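FYI, the numbering for the sequence shown is -19 to -1, 1 to 538, going by mature numbering (1 follows the signal peptide of the UniProt record, and there is no 0). A virtual CB, placed ideally from N, CA and C, is assigned to each residue, including glycine. Predicted model, so just to flag it, every value in this text is computed and none were measured.
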Amino acid sequence: MIYSRLLVYLLICVHVVVGGRVSTFAGATTTFLFPPEGVTATIPDPNFPDATHVGYPGKTATGDEAAAIATAPALGPNHNQFPLVRPVAKGTQDDEFDVIRQFGNLSPWRSIPSKSFGLSEASPTIPEGCELVQAHLIHRHGARYPAGGTGTETFAEKVHKMANKGRGFKATGDLKFLKTWKYKLGSELLTPFGRSELFDLGVGFRMRYGNLLKGFKDLPVFRTTSQTRMVDSALNFAAGFFGLPDYFKDYHQFIEIDADGQNSTLASYLACPNFLNSSIGGVGYTKAADEWKKKYLNGTRERLQRNLDGFTLTIDDCYHMQELCAYETVALGYSKFCGLFTRKEWEGFSYTNSLQFWYSVGPGSPMGAAMGIGWVQELISRLTKTRITKFNTSVNKTVVESEMYFPFGQPIYVDATHDATIASILVAMDFTNFIKSGPLPAHKIPKNLSYKIDEVVPFAVNLVGQVLDCPARHKKEHSPGKPTHIRWILNDGVLPLSGIKGCGHDKNGMCKLDAFIHAMKQKIEEVDYDCACRGKYKFPNPDHIVDGQLPECKKRH
């Protein structure tokens, strides 16, 4: 009897594998937790004493701080994708086209040459004759799982449902892997690769800017928000920057609440009711992008449908499979979904991301500048050592009025945030090089596209404000210079500041600090946060906005 049942089971398995019919577990969600349930480590564990109890550390001596940003002729670029397996697009060779660069905001950050932003002669290293006085870093979290209940999960649910409906469905050809495919992605946590991105970012920042630590008279205060991936990103950055095992003793980690209706400039979109309104913020994210999906994926749907019997593909299904490629790659290291799509289809996916960000939180959003202006207020507060007194944006009054949580005079500031927030900050600060090809059309990819999300807000994107003393004055060692200029570095690429009033063109991307501060103060006064985030209006159609503001919401002076 037992052998008969086993034979029936084997025959069913052979039928599934050979006949193309999917297994009943196709699309099922699987999870794994480590360590095993009930197994915990005792700390300290007398059986496994730590290094302080073992002793014999060897002879050690601390060296001096690194300052590669000022001493090196050029910086070592970041193109790290290890240990991700490089996907190969359908119809291409392995070294011909980098699919990972088409993941948009799901791409790992990489060094962008300054010429991509319009400054062919600029370098992120400190310009000759200048001295670094201060660094302001705002960075995104690392690679993560998708949000719960979104497209990748709904596609898996559809696969599992159809696999268990009647006789299921058949998957052959390029889609035959669906027969035994399982959904292994969690929700919104950092992936192992995401942890490494932030650790490496911390190491790199210490190598480049570590010399600024000599100017601290107290422990630094770094900021992040309360979502798990945000806290974990901040801690991994700190572990890389300060070093294990005692990194947590070298600084203070301040955590702001990250939730709907809570004021935080690091999660500013959650403090903007109109962004959370599906008829305004939702339209910005979906309208143009959905039009574009129908155009670039129509032939794709027809091609892939030929590999399925009993399962009807939609345009959204095809898009979600592209998302699965990206998320599985950064979470699991490899995805079979990647090879389903051609180079042109991956370029289409990337452009979808540009449309989503442009119209929801970027230059084409009526709330774009408003959602970034709060952090600009905090930046000017730090640069001028002046407390904020007006609280009509996403700025948290309790935070910025506190010397403990929001100290002045730090040589290094580090804020961890989200992609949407950085996208809005770039708008609020008038980095106009990103709007050259806008407004973005929904029917084609513009030639020389200036708003590429894999360059603007990838995983672990980092924006650094370098405050400089130019020309550097002769002074005592370790005494701070006098800040005279500022410039901004995005993913190692120097940004032109020519769109900022009073800055003009500079081959090194520099602007006089006084002029920059004056321009940002004017922008703060110009942006009407209440109108943008709480006003009653419809999302503009057509949308010709390129500065993140509705014309009727701009304050006139």
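N- and C-terminal bounds of the beta strand (DSSP E) containing residue i
i, result
"Ile354", "Where Ile354 is concerned, there is no enclosing beta strand (DSSP E), although the alpha helix (DSSP H) it sits in stretches over Gly349 to Thr365."
"Glu283", "Per DSSP, Glu283 belongs to no beta strand (DSSP E); it is in the alpha helix (DSSP H), Asn279 to Gln286."
"His233", "His233 to Glu237"
Beta-ladder partner(s) of residue i, from DSSP
i, result
"Gly446", "His117 and Trp469"
"Tyr315", "DSSP, once it has assigned bridges, lists no residue as partnering Tyr315."
"Tyr164", "Thr10"
"Asp396", "Ile119 and Arg204"
"Phe440", "Pro89"
"Asp290", "Lys151"
"Val475", "Ile470"
"Glu112", "Asp450"
"Thr370", "In the DSSP output, where bridge partners are listed per residue, Thr370 has none listed."
"Lys230", "Paired residue(s): none; Lys230 is not in a bridge."
"residue 542", "The structure shown does not extend to residue 542, since the chain is modelled only from -19 through 538, so no value can be given for it."
"Arg2", "Lys151"
First and last residue of the uninterrupted alpha helix (DSSP H) at residue i
i, result
"Val408", "Asp400 to Ala409"
"Gln503", "Leu494 to Glu507"
"Asp181", "Pro173 to Tyr190"
"Glu533", "Counting along the chain, Glu533 falls outside any alpha helix (DSSP H), and DSSP gives it neither H nor E."
"Ala124", "Premise fails: Ala124 is in no alpha helix (DSSP H) and is neither H nor E."
"Lys488", "Unbroken run through Lys488: none, as it is neither H nor E."
"Phe255", "The sequence as given places Asn at residue 255; Phe does not occur at that position. Its alpha helix (DSSP H) spans residues Pro254 to Leu257."
"Asn217", "Thr209 to Phe223"
"Tyr510", "Tyr510 to Arg515"
"Glu384", "Segment: none, Glu384 is in no alpha helix (DSSP H) and carries neither H nor E."
"Lys417", "Looking at the DSSP string, Lys417 is not in any alpha helix (DSSP H), and its letter there is neither H nor E."
"Glu134", "Gly132 to Ala144"
Cβ-based neighbour list, residue i, same chain, cut-off 8 Å, excluding 5 preceding and 5 following
i, result
"Thr295", "Arg282"
"Ile(-8)", "For Ile(-8), the predicted model reports a pLDDT of 47, less than 50, meaning its position is unreliable and no value from the coordinates is stated."
"His233", "Leu200, Pro201, Val202 and Phe203"
"Asp75", "Arg67 and Val69"
"Tyr266", "Gln337, Tyr340 and Ser341"
"Gln83", "Trp327, Glu328, Phe330, Ser331 and Asp435"
"Gly314", "Pro64, Leu65, Val66 and Phe174"
"Glu169", "Arg125, Tyr126, Pro127, Ala128, Gly129, Gln208, Thr209 and Arg210"
Anticipated Cβ contact below 8 Å, residue i with residue j, distance rounded
i, j, result
"Ile403", "Ile119", "7 Å"
"Ile93", "Asn443", "Not quite, the Cβ-Cβ distance comes to about 11 Å (not below 8 Å), so this is no contact."
"Pro127", "Tyr308", "5 Å"
"His122", "Met211", "6 Å"
"Phe197", "Gln447", "About 18 Å; that fails the 8 Å criterion."
"Val475", "Ser95", "4 Å"
"Lys163", "Thr11", "5 Å"
"Glu507", "Val380", "Contact flag wrong, Cβ pair sits at about 24 Å."
"Ser4", "Lys160", "6 Å"
"Leu257", "Asp241", "7 Å"
Nonlocal neighbours in the same chain, by C-beta distance under 6 Å from residue i, ignoring five residues either side
i, result
"Ile416", "Pro344 and Val527"
"Ala500", "Ile481, Lys482 and Gly483"
"Leu531", "Pro347"
"residue 559", "Lying outside -19 to 538, the shown extent of the chain, residue 559 is not represented and no answer is given."
"residue 539", "The displayed coordinates of the chain run from -19 to 538. Any statement about residue 539 would go beyond what the structure contains."
"Leu321", "Asp155"
"Ile470", "Pro105 and Val445"
"Asn414", "Phe98, Gly99 and Pro477"
"Ile406", "Gly353 and Trp356"
"Met302", "Phe318"
"Leu430", "Ser418"
"Ala423", "Ala269, Glu272 and Trp273"
"Leu305", "Thr133 and Phe318"
Cutoff 7 Å; reference residue i; Cβ partners in own chain excluding five residues on either side
i, result
"Asp450", "Cys111, Glu112, Val114, Gly462, Lys463, Pro464 and Thr465"
"Asn334", "Gly85, Asn86 and Ile434"
"residue 604", "No answer is possible for residue 604: it lies beyond the span of the chain, which begins at -19 and ends at 538."
"Arg284", "none"
Residue i CB to nearest heavy atom of the ligand ATP below 7 Å
i, result
"Asn522", "Among the components of this structure there are no ligands whatsoever, and the ligand ATP is therefore not found."
Beta carbon proximity, residue i to chain D, threshold 8 Å
i, result
"Phe180", "Of the chains in the structure shown, none is chain D; there is only one protein chain."
Checklist entry - What runs of the alpha helix (DSSP H), each 4 residues or longer, lie entirely inside the region 31 to 55? => result Within the region 31 to 55, the complete alpha helix (DSSP H) runs of at least 4 residues are 32 to 35 and 49 to 52.
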